[in-house]
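Peer 1:
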Amino acid sequence: MTDRDKIIFVYATPACGMSCGFCYSKVRVSKYNLSEEEIVDLVSRSKKYAFNAIGLTGGDPFGRKDIASLVEHLSSLSVKIRIDSNLLSYDLVKVKPIIKNLDLLGVPLDGPDAKIHDYNRDANGHFQLIYDNLLNIRTNFPDLKIKIHTVLTKRNIDKIYDMQRLIEEILPNSWSIYKFFPAGVGYENKKYFEISNEEFATFKKDFPNKIGRTIIDIPEDDVHDKSFLMVGSDGIVYGCFDEKKLQYQDFGRFDQNGIENALAYYDEAKMFALADKEIGLKQ
Ligand code: SF4
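Plus 7 on top of the position in the sequence shown (first one is 1) and you've got the working numbering.
Encoded structure:
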């Protein structure tokens, strides 16, 4: 493990079987889906700029038909690999060859029970699916590092304390709690989700930073601004949310100087500091 990790997130699929009212993902509208060769090319290029970790996100990267081969291929490039998944396509047989190459699995969980989680995500039955699959993963892959991420909104802020029992049962390595961020669909629905800066500050001040072995991270609410590099499923590098234009800045495709253009705008120190937590390997 190097002293610092530097991660680039890639939308491995534009598809998502969910429609959370706070979703800020803009790439879901793209029909284009980066091929395995393109993602490998992207990672090779990013390594020139000291990126040593890739986060495959979606939707659900496990829904890609070639996900096992893609992860195997990325693993041969000696980068750390994180997958973020809503677990809709989780299947024990399918993920077995993938998990051995993963450094971290990130999974959403927004409440202590189905009532709160499913309400926050407008998704009946998703809490039970996540809960059952996480216990399955814990049993079958006890060494896999798991990160839970929670979107803090006015629908669940009063119930997050009650999640501690669940965290003790699932035993994730880390738990990140992000303040709702009004972008994309989330901007249109912000009246249903948005909490004030004061509410967030009070929550953050009073919340523990560890439960058993689980490290708890509550990033500042500007985490989306110049903090990590994202690549859409269309290959466009983007980031740096512009609150006036209500959109992320496009830096161009990764193979047309997109990475170079983005890095000219980014605060690398902040990117490194955040990546330490995002890859979940620093404790
Ligand atoms: S927040 Fe994640 S799981 Fe929910 S709709 Fe957006 S991409 Fe899908």
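Cβ atoms here follow ideal geometry from the backbone N, Cα and C, with glycine treated the same way.
Could you tell me which residues DSSP puts in a beta bridge with P115?
Peer 2: As a first step, residue 115 is located in the sequence shown; it is residue number 108 there, counting from the start. When DSSP reads this structure, P115 sits in a beta bridge with H156.
Peer 1: Assign K251 to one of three DSSP states: helix, strand, or coil.
Peer 2: For this step, residue 251 is matched to residue 244 along the sequence shown. In this structure, K251 counts as coil in the three-state DSSP scheme.
Peer 1: Could you check what DSSP says for Y272 in three-state terms: helix, strand or coil?
Peer 2: As a first step, residue 272 is located in the sequence shown; it is residue number 265 there, counting from the start. Note: Y272 maps to helix in three-state DSSP.
Peer 1: Could you check what DSSP says for Q290 in three-state terms: helix, strand or coil?
Peer 2: Counted from its first residue, the sequence shown places residue 290 at position 283. Note that Q290 scores a pLDDT of 37, beneath 50, so its modelled location is shaky; the value from the coordinates is reported in the next line. In this structure, DSSP gives Q290 a state outside helix and strand, which the three-state scheme calls coil.
Peer 1: Using 10 angstroms around the beta-carbon of G24, count the other beta-carbons present and answer buried if the total reaches 16, otherwise exposed.
Peer 2: What you label residue 24 is simply residue 17 of the sequence shown in a count that begins at 1. Answer is exposed; the Cβ neighbour count stays below 16.
Peer 1: By DSSP, does G239 sit in helix, in strand, or in coil?
Peer 2: Translated into positions along the sequence shown, residue 239 becomes position 232. Taken through DSSP and simplified to helix, strand or coil, G239 comes out as coil.
Peer 1: Could you check whether the segment 191–201 touches the segment 165–182, counting it as contact only if at least three pairs of C-beta atoms, one from each stretch, sit closer than 8 Å?
Peer 2: no
Peer 1: In the segment 46–101, which residue ranges form an unbroken beta strand (DSSP E) of at least 3 residues, counting only runs that do not cross its ends?
Peer 2: The segment 46–101 contains these whole beta strand (DSSP E) runs: 60–64, 87–91.
Peer 1: In this structure, does DSSP put G193 in helix, strand or coil?
Peer 2: Counted from its first residue, the sequence shown places residue 193 at position 186. G193 falls in the helix class under three-state DSSP.
Peer 1: What is the chain-ordered set of residues for which the beta carbon lies under 5 Å from any non-hydrogen atom of ligand 1?
Peer 2: C23, M25, C27, C30, S32, N93
Peer 1: Near Y31, what residues of its chain come up, given a Cβ to Cβ distance below 7 Å and the 5 sequence neighbours on each side ignored?
Peer 2: The residue given as residue 31 occupies position 24 in the sequence shown. Hits under 7 Å: F188, A190, G191, G193.
Peer 1: Considering only the alpha carbon of each residue, which of G28, P149, K161 lies closest to A130?
Peer 2: Here residue 130 is taken as the residue at index 123 of the sequence shown, counted from 1. Here the closest residue by C-alpha is G28.
Peer 1: CA-CA distance, T9 and T64?
Peer 2: Here residue 9 corresponds to residue number 2 of the sequence shown, with the count starting at 1. Here residue 64 corresponds to residue number 57 of the sequence shown, with the count starting at 1. Low local confidence applies: a pLDDT of 42 at T9 is under 50, so the model's placement there is unreliable, with the coordinate-based value given in what follows. Approximately 23 Å, taken between the alpha carbons.
Peer 1: Run the CB neighbour count on S240, radius 10 Å, all protein chains shown included, and call it buried at 16 or more, exposed below.
Peer 2: For this step, residue 240 is matched to residue 233 along the sequence shown. Looking at its Cβ environment, which holds 16 or more other Cβ atoms inside 10 Å, S240 is buried.
Peer 1: Express the C-alpha separation of N108 and S76 in angstroms, rounding to a whole number.
Peer 2: Here residue 76 refers to the residue found at position 69 when the sequence shown is read from its first residue. Here residue 108 refers to the residue found at position 101 when the sequence shown is read from its first residue. Approximately 11 Å, taken between the alpha carbons.
Peer 1: Which residue wins for smallest C-alpha separation from H156, given the options S51, Y272, I223?
Peer 2: As a working note, residue 156 is residue 149 in the sequence shown. Ranking the options by Cα distance to H156, first place goes to I223.
Peer 1: Is it buried or exposed for V102, if we count other Cβ within 10 angstroms and need 16 for buried?
Peer 2: The count along the sequence shown starts at 1 and reaches residue 102 at position 95. Label assigned to V102: buried.
Peer 1: Tell me, please, which residues DSSP counts as bridged to Y18.
Peer 2: To locate residue 18, count along the sequence shown from 1; it is residue 11. Bridge partners of Y18: T64.
Peer 1: What's the gap between the Cα of I90 and the Cα of R260?
Peer 2: As a position in the sequence shown, residue 90 is number 83, starting the count at 1. As a position in the sequence shown, residue 260 is number 253, starting the count at 1. Cα to Cα, the separation comes out at about 22 Å.
Peer 1: If we count Cβ pairs, one from each stretch, closer than 8 Å, do we get three or more for the segment 195–210 versus the segment 35–45?
Peer 2: no
Peer 1: Count the other CB atoms within 10 Å of the CB of L288; is the residue buried (16 or more) or exposed (fewer)?
Peer 2: Residue 288 sits at position 281 when you count from the first residue of the sequence shown. Its pLDDT being 45, under 50, L288 is placed unreliably in this model, and the coordinates cannot settle the point.
Peer 1: Can you name, in chain order, every residue of its own chain whose Cβ lies under 8 Å from the Cβ of L99, other than the five neighbours on each side?
Peer 2: Against the sequence shown, residue 99 aligns to sequence position 92. Excluding residues within five positions, the ones whose Cβ falls inside 8 Å are N143, N147.
Peer 1: For the alpha helix (DSSP H) containing Y138, list its first residue and its last residue.
Peer 2: By one-based count along the sequence shown, residue 138 stands at place 131. Where Y138 is concerned, the enclosing alpha helix (DSSP H) stretches over 133–147.
Peer 1: What distance in whole Å lies between the Cβ atoms of I61 and I105, which are believed to be in contact at a cut-off of 8 Å?
Peer 2: Locating residue 105 in the sequence shown gives position 98, where the first residue counts as 1. Locating residue 61 in the sequence shown gives position 54, where the first residue counts as 1. Rounded, the Cβ-Cβ distance is 14 Å, inconsistent with contact.
Peer 1: With a threshold of 16 other CB atoms inside 10 Å of the CB of Y97, please say whether the residue is buried or exposed.
Peer 2: As a first step, residue 97 is located in the sequence shown; it is residue number 90 there, counting from the start. A residue is called buried when at least 16 other Cβ atoms come within 10 angstroms of its Cβ; Y97 meets this threshold and is buried.
Peer 1: Excluding the five sequence neighbours on either side, which residues of its own chain have a C-beta within less than 7 Å of the C-beta of E175, listed in chain order?
Peer 2: Counted from its first residue, the sequence shown places residue 175 at position 168. So the qualifying residues of the chain are I218, G219.
Peer 1: What span of residues does the beta strand (DSSP E) with Y185 cover, start to end?
Peer 2: By one-based count along the sequence shown, residue 185 stands at place 178. Counting along the chain, the beta strand (DSSP E) containing Y185 begins and ends at 181–186.
Peer 1: Measure the alpha-carbon distance for F214 versus L49 and round it to whole angstroms.
Peer 2: Position 207 of the sequence shown, counted from the first residue, corresponds to residue 214. Position 42 of the sequence shown, counted from the first residue, corresponds to residue 49. Between F214 and L49, the C-alpha separation is close to 38 Å.
Peer 1: Using the C-alpha atoms, what's the distance from D125 back to G66?
Peer 2: The residue labelled residue 66 in the question sits at position 59 within the sequence shown. The residue labelled residue 125 in the question sits at position 118 within the sequence shown. The alpha-carbon atoms of G66 and D125 are separated by roughly 16 Å.
Peer 1: Can you tell me whether S53 is buried or exposed, with buried defined as 16 or more other CB within 10 angstroms of its CB?
Peer 2: In the sequence shown, counting from the first residue as 1, residue 53 sits at position 46. So S53 counts as buried.
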